[in-house]
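The sequence shown begins at 1 in full-length UniProt numbering and counts up one residue at a time.
Worksheet for the structure shown next.
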Amino acid sequence: MIHDETTLRQTWLSVILRPHRSLSPTGFRILMGAVAAVSFGVGLVFLLRGAWPVIGFCGVDVLVIYLAFRASYRSARLYERVELTDQALTVERVEPRRPSRSWSFVPYWLRVHMDDPARHDSQVVLTSHGKRLVVGSFLPMEERVRVASTLSDALARHRKGGF
């Protein structure tokens with residue numbers, strides 16, 4: 001029987017890190033409907049009192065809020081794929097409107113660093129042979145702590161069982 005290299009490779013960890021967005025698409029539509037209704041109501045009151053230009057500014061407010069949310073949702077398409085196999089720990093970063101980038105580290109020499117105790121600005125940093133990579137910088141602090149712990153545990157299991 002013939003095996004290629006990919007069938008013999010063991011995956012120790014495979015995770016995808018994504019930014020959290022608390023507002024669902026349905027919640028976004030409801031929020032924008034409420035903002036538009038309030039803005040239209042305020043603009044209508046000013047229109048009836050003779051200050052007709054105000055209704056245009058109320059429309060611009062709604063447009064600016066909409067565009068800000070669109071930019072936020074676009075940035076949410078960012079993700080990082082972290083995969084630990086027998087041969088390498090690979091991090092692939094995919095960002096909207098940019099080519100994806102990939103980094104690879106030898107697992108045996110790789111170290112995971114994070115402040116202990118973790119602070120709000122603490123980062124998960126992978127280091128090996130002078131190379132340094134920050135992973136999951138878009139995650140909340142609690143999730144960064146969990147990512148650092150999960151990566152450290154997977155690397156420890158790999159070192160015990162991989163050699």
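We put the CB at the ideal spot given by N, CA and C, even for glycine.
For secondary structure counted as the alpha helix (DSSP H) over 4 or more consecutive residues, the stretch 5-37 holds these complete runs in sequence order: 5-8.
Excluding residues up to 5 positions away in sequence, Cys58, Asp61 and Val62 lie with their Cβ nearer than 6 Å to the Cβ of serine 39 in the same chain. Excluding five sequence positions before and after histidine 158, the CB atoms of its chain that fall closer than 7 Å to its own CB belong to Trp12, Leu84 and Pro107, given in chain order. Residue ranges of uninterrupted beta strand (DSSP E) with 3 or more members, entirely inside the stretch 62-150 and ordered along the chain, are 79-85, 89-94, 101-105, 111-113, 124-128 and 131-135.
Taking C-alpha positions only, glycine 43 is separated from serine 72 by approximately 27 Å. Straight-line spacing of the CA atoms in serine 128 and arginine 98 works out to 26 Å. Its chain contains Tyr79 and Arg81 as the residues whose beta carbon lies nearer than 6 Å to that of isoleucine 16, once the 5 sequence neighbours on both sides are disregarded; these appear in chain order. The beta carbons of alanine 76 and proline 19 sit about 5 Å from each other, so the pair counts as a contact at 8 Å.
For the pair valine 147 and valine 91, the CB atoms are not nearer than the 8 Å cut-off. A distance below 6 Å between beta-carbons, with the five flanking residues on each side excluded, links proline 96 to the following residues of its chain, in chain order: Arg74 and Arg77.
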